[in-house]
Amino acid sequence: MSKTFAFFGATGGCTNACLAYTLLNGYNVIALARTPSKLTNQLLEQPGLTTSTLEKHLRIIQGDATDIEAVMQTLIVEETESQPTLVSSVISGIGGTGIITYTKPSPCEKMKMRIPTMPHIELANPHITEEFAQTLLAALRRIAEERFVNFNAYASVAPRVTVISSTGIKKELNDVPFWFKKMYDTLLPIPHEDKLKMEMVFEAEKSKEENVLAGGLILVRPSFLSGDHLIPAPGKEDPYRKLRVGNEKKPAVGYTVHRTSIGRWIYEEVVRNGGDLWVGEGAILTE
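Numbering (numbering that gives the first Met the number 0), first residue to last: 0 to 286.
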């Protein structure tokens, strides 16, 4: 049976690009989307993707990434009498929808007003990646406990999990250029706090005796993102050629990176090559 991949946050630029490469190369995908038509329309904008390809290789589950039942549906390829067939790998680009704002809530609880502040990004749900991490782990644990005869049986087929985080979260990594650090601290504290809490949720899972992430975790840390979700058409310049890759021991430091380059890297390293080289690593990607 060919591999099947689960995608979450598939309408986001990095993940949508990765999904496009995955489908174009004939892999099967189950994707969770609140609005399936939005995901379908985005994919049909991608060079080379057709309706017939989507019908053959893509199954869309309608639902929310914090709904455990919807997440479980996205992880199970097929139910059988003995044990289910699970996706080979989970790829998540879940993140909040950000807007730049110039005010913040007053520190005085009695004052129902906002006060001027430096421009920064606020999220519609400032805890979305943390909540998704909790939901994903809960869904995997329920599958392990309810659908398999024992944990070893689950562990032998447990999906690998790849999540997109960010540079600038762990100060000790020095993965952000000096001249960008102030901008990161001013503009991105809310989304970065959410990403950090997501990482802490996964980190806490490692300490449990029966680690539900038996397939391993890959953290992808891009620099400040640029560009949209559209992968380069054949013959067009591909920003992927400029991509530089580091890890937490030897960070690659840069200012920006194109969203499609992140998607292409995840496709090449995780979808096509399995991701073995990056389990437990924080892959740092920049231009």
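For each residue, glycine too, the CB sits at the ideal point set by N, CA and C.
Measuring straight from C-alpha to C-alpha, what distance separates residue 21 and residue 156?
Here the question's residue 21 lines up with position 22 in the sequence shown. Here the question's residue 156 lines up with position 157 in the sequence shown. Roughly 21 Å separates the two Cα atoms.
Rounded to whole angstroms, what's the CA-CA distance from residue 0 to residue 222? Just pull it up for me.
For this step, residue 0 is matched to residue 1 along the sequence shown. For this step, residue 222 is matched to residue 223 along the sequence shown. In this prediction, residue 0 scores a pLDDT of 49, lower than 50, which makes its location untrustworthy; the coordinate-derived value is nonetheless stated afterwards. About 36 Å.
Compare the C-beta of residue 243 with all C-beta atoms of chain C and state if any pair is closer than 8 Å.
Judged by its chain identifiers, the structure shown contains no chain C, having just a single protein chain.
With 16 other CB atoms within 10 Å as the buried threshold, where does residue 33 fall?
The residue labelled residue 33 in the question sits at position 34 within the sequence shown. Exposed.
Let me know if residue 199 comes out buried or exposed under the rule of 16 or more other beta-carbons within 10 Å of its beta-carbon.
Here residue 199 is taken as the residue at index 200 of the sequence shown, counted from 1. Residue 199 should be labelled exposed.
In three-state DSSP terms, what is residue 0?
Working through the sequence shown from its first residue, we reach residue 0 at position 1. Low confidence applies to residue 0: its pLDDT is 49, below 50, so where it sits in the model is not reliable, and the reading given next is rough at best. Coil at residue 0, not helix or strand.
With a Cβ-Cβ cutoff of 8 Å, do residue 46 and residue 217 count as a contact?
As a first step, residue 46 must be located in the sequence shown, where it is residue number 47. As a first step, residue 217 must be located in the sequence shown, where it is residue number 218. Against a cut-off of 8 Å, the Cβ pair of residue 217 and residue 46 comes out as no contact.
Between the Cα of residue 63 and those of 197, 35, 276, 283, spot the shortest distance and give me the residue it belongs to.
Numbered from its first residue, the sequence shown carries residue 63 at position 64. Of 197, 35, 276, 283, the residue nearest in Cα terms is 35.
Report the start-end ranges of each alpha helix (DSSP H) in the segment 130-216 that is 4 residues or longer and not cut off at the edges.
Listed in chain order, they are 150-154, 177-186, 188-205.
Provide the residue(s) that pair with residue 29 in DSSP beta bridges, ordered along the chain.
Numbered from its first residue, the sequence shown carries residue 29 at position 30. Answer by DSSP bridge pairing, in chain order: 5, 58.
I need the straight-line Cα distance from residue 138 to residue 86, nearest angstrom please.
Translated into positions along the sequence shown, residue 138 becomes position 139. Translated into positions along the sequence shown, residue 86 becomes position 87. Roughly 13 Å separates the two Cα atoms.
Can you tell me where the alpha helix (DSSP H) holding residue 94 begins and where it ends?
On the sequence shown, position 95 is the one that residue 94 refers to. Counting along the chain, residue 94 falls outside any alpha helix (DSSP H), and DSSP gives it neither H nor E.
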